[in-house]
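The UniProt record's numbering puts the first residue of the sequence shown at 1, with every later residue one more than the last.
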Amino acid sequence: MLRSLTAQFLHQGAHALVLDPKRISHLWAKALPTVTHRGNIAGIHDALIHLASEPKRRLDLDGDLDGVPRLIVAIDEADTTLRQLARY
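So this is what it looks like as structure tokens:
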């Protein structure tokens, strides 16, 4: 399901941040140019920290969002991932 939804958004020009703590569930996305794939908890943590500044960056563009693609965040195994992030 996650793959199908993400692929549809990518087909329409979106970018995706795929958080795959098992590191093998979403290998299909690793080679795509508009996808950032993170598999280890440190990488997932860093990607989420960076993501926190994205809404402000987009708001600072003052409505000039025509060239800014949608960003989809796909989190596999969210319950496990969140527990691992809390321990990290």
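We treat Cβ as the ideally placed atom computed from N, Cα and C, and that holds for glycine.
| Query | Result |
| --- | --- |
| Residues of its chain near L19, where Cβ-Cβ distance is below 6 Å and the 5 sequence neighbours each way are ignored | R38, I44, I75 |
| Every unbroken alpha helix (DSSP H) within the region 33-60, with a cutoff of 4 residues, ordered by chain | 41-51, 54-59 |
| Closest residue to Q84 among N40, Q8, H26, L17 (Cα-Cα distance) | N40 |
| Bounding residues of the alpha helix (DSSP H) (the contiguous stretch that carries L5) | 2-11 |
| Sheet register partners of I72 (DSSP bridge) | A16 |
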